[in-house]
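S.K.:
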Amino acid sequence: MQVKSRHHLRSDAISSLQESLSAAFGSEVTGDSFELVELSDTPFDVILVDGEQLIAELDGEPFLTVQGANEFPPTESVVTVDAGAVSFVSNGADVMRPGIVEADDGIEPDNLVAIAEETHGKILAIGRALEDGDAMVGDSGKVVESIHHVGDDLYTFSV
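Quick note on this note's numbering: the sequence shown kicks off at 11 and runs consecutively.
Right, dumping it as structure tokens:
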């Protein structure tokens with residue numbers, strides 16, 4: 011991933027970003043410095059919070075990175091998977107119904123969601139919902155498309 015440009019965000023842009031993340035994930039992201047890093051060879055841009063890659067944008071839509079979601083745990087838009095799904099999700103697999111033990115009822119198709127493991131609640135991935143949250147638990151079918159996971163290029167990116 012190549013850096014195209016970097017600049018600090020203005021206070022109004024920071025406030026808007028914080029409001030978006032609060033509305034989408036219920037997370038209150040705080041920090042002293044917010045810096046946008048625009049990337050040229052990926053659909054993502056990264057927002058560094060106090061020098062850490064805690065937020066990313068996909069087509070202008072902000073979301074918490076895996077690191078950001080573990081730093082500022084989401085209270086909304088969370089899909090929890092069982093131990094059997096952890097290795098698959100951690101390697102970038104889409105989330106299938108049989109691996110889900112719980113999903114936030116407020117999730118709607120196309121929402122960005124945080125995918126957590128059941129035992130410790132750690133976030134393993136960020137994905138895009140394909141179904142309503144109340145329809146995610148079941149026997150078969152893909153319900154979340156993975157867009158970012160532990161160990162991918164966005165996770166290991168450093169400036």
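Don't be surprised by glycine CBs; every beta carbon is placed ideally from N, CA and C.
(1) Does the contact criterion of 3 or more C-beta pairs under 8 Å hold for the stretch 78-93 versus the stretch 117-131?
(2) Hey, how far is the Cα of I66 from the Cα of A113?
(3) CB-CB under 6 Å to I133, same chain, minus the five flanking residues each way: which ones, in chain order?
(4) List the residues that DSSP assigns as beta-bridge partners of I110.
(5) Confirm, please, whether the CB-CB distance from D142 to I117 is below 8 Å.
(6) Residue range of the alpha helix (DSSP H) that A79 falls in?
(7) Exposed or buried, D55, counting other C-beta atoms within 10 Å across all chains shown (16 or more means buried)?
(8) Less than 8 Å between the C-beta atoms of V160 and A135, yes or no?
(9) Between G148 and G109, what straight-line distance do the alpha-carbon atoms span, to the nearest angstrom?
(10) Given this structure, state the Cα-to-Cα distance separating F44 from S97, to the nearest angstrom.
(11) To the nearest angstrom, report how far apart I24 and M11 are at their CA atoms.
(12) Look at the alpha carbon of D60 and the alpha carbon of P53, and state the distance between them as a whole number of angstroms.
(13) Nearest to K152 by alpha carbon, out of H158, D104, R138, G137?
(14) Who are the Cβ neighbours of D144 in its own chain at under 6 Å, not counting the five residues just before and after it?
(15) Return the chain-ordered list of same chain residues with a C-beta closer than 8 Å to the C-beta of N101, the five sequence neighbours on each side being excluded.
M.R.: Reading off the structure:
(1) yes
(2) As written in the sequence, residue 66 is Ala, which differs from the Ile given in the question. So the two alpha carbons sit approximately 23 Å from each other.
(3) V76, A79, N80, A124, A126
(4) V91
(5) yes
(6) 76-81
(7) buried
(8) yes
(9) 9 Å
(10) 32 Å
(11) 24 Å
(12) 23 Å
(13) D104
(14) D115
(15) H159, G161
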